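Visitor: Taking this note's numbering, I'd label the letters of the sequence shown as residues 581 to 713.
In this text, a Cβ means the ideal position worked out from N, Cα and C, and glycines have one as well.
Quick caveat, the model's predicted, so the values are computed rather than measured.
A single structure is presented below for examination.
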Amino acid sequence: MNNNAPAAVAAAYFEALGRGDVPTAMGLMSPQVVWHQPGANQFSGDHTGIDGVGSLLGGMMDVSAGSFQLVVTGPAMANGELVAVPVRFSGTRADTSMDMAGVDLLTIRDGQIIAVHLFSEDGANEDAFWGRR
C-alpha cells in the first residue's frame with residue numbers, strides 16, 4: 581500500500597496518537613485542515629488550520645487534566661479519500677467522567693488529512709463533560 585493512500589495516512593495518524601506523538605499526528609494534517617467538532621459544548625464548531633486544531637486539542641487536555649484518551653476499537657473503513665475509524669474516548673474531570681464510542685471520519689487527499697468529522701454515541705453526555713457553551 582502506498583504511504584500516501586488514505587488508509588495508510590489514517591493508520592499512521594492513529595498510531596502516532598496512540599503513542600502520544602502529537603507532533604507526528606499533526607504533521608499528517610494539511611495546513612488548511614478543518615476539524616468539525618460536534619455538539620453544543622465549549623469546543624463545538626469548526627477549527628481551521630494546524631493552530632486551530634492544536635488549540636482545540638490542547639484545550640481538551642487542559643479541561644480533562646490530561647486524562648482525555650482515544651483508542652481505536654476496530655478496523656478502519658476506506659472509501660476513496662474518506663476513512664472511517666471506530667474509536668472509544670474517555671476522560672475525567674472534577675466530579676464527572678465520560679467513556680463512549682464514536683467514529684472519526686477523516687478526509688485524506690494527497691497524503692494529508694484535510695478534514696476531520698467526529699461522531700459520538702452520546703452527544704448530551706459529551707457536552708456535559710466538556711461544559712456547555
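Tell me Q649's beta-bridge partners as DSSP assigns them.
Guide: Per DSSP, the beta bridge partners of Q649 are S670.
Visitor: How many Å lie between A605 and I630 at the Cα?
Guide: 11 Å
Visitor: Is DSSP giving N705 helix, strand or coil here?
Guide: helix
Visitor: Expressed to the nearest angstrom, what Euclidean distance is found between the alpha-carbon atoms of L636 and H627?
Guide: 7 Å
Visitor: How big is the Cα-Cα spacing for G598 and E661?
Guide: So the alpha carbons of these two residues sit roughly 22 Å apart.
Visitor: Could you name the residues of the same chain whose beta carbon sits closer than 7 Å to that of A620, not counting the 5 residues immediately before and after it, in chain order?
Guide: The answer, listed in chain order, is D707, R712, R713.
Visitor: Within 10 Å of its beta-carbon, does D684 have 16 or more other beta-carbons around it, so buried, or fewer, so exposed?
Guide: buried
Visitor: Which complete alpha helix (DSSP H) runs does the segment 597-621 hold, if anything under 4 residues is left out?
Guide: Under the rule that a run must span 4 or more residues, the alpha helix (DSSP H) segments found entirely inside the segment 597-621 read 602-607.
Visitor: Taking DSSP as the reference, what is the three-state secondary structure of D642?
Guide: helix
Visitor: Determine the DSSP secondary structure at A664, reduced to helix, strand or coil.
Guide: strand
Visitor: Do the CB positions of I694 and Q617 come within less than 8 Å of each other?
Guide: no
Visitor: Within 10 Å of its beta-carbon, does A590 have 16 or more other beta-carbons around it, so buried, or fewer, so exposed?
Guide: By the neighbour-count rule (16 or more Cβ atoms within 10 Å), A590 is buried.
Visitor: Out of G691, P586, A664, which one is the CA nearest neighbour of F699?
Guide: A664
Visitor: Mind reading off the beta-carbon distance from M657 to F669? Whole number of angstroms is fine, and I expect it under 8 Å.
Guide: No, M657 and F669 are not in contact; Cβ-Cβ is about 18 Å, not under 8 Å.
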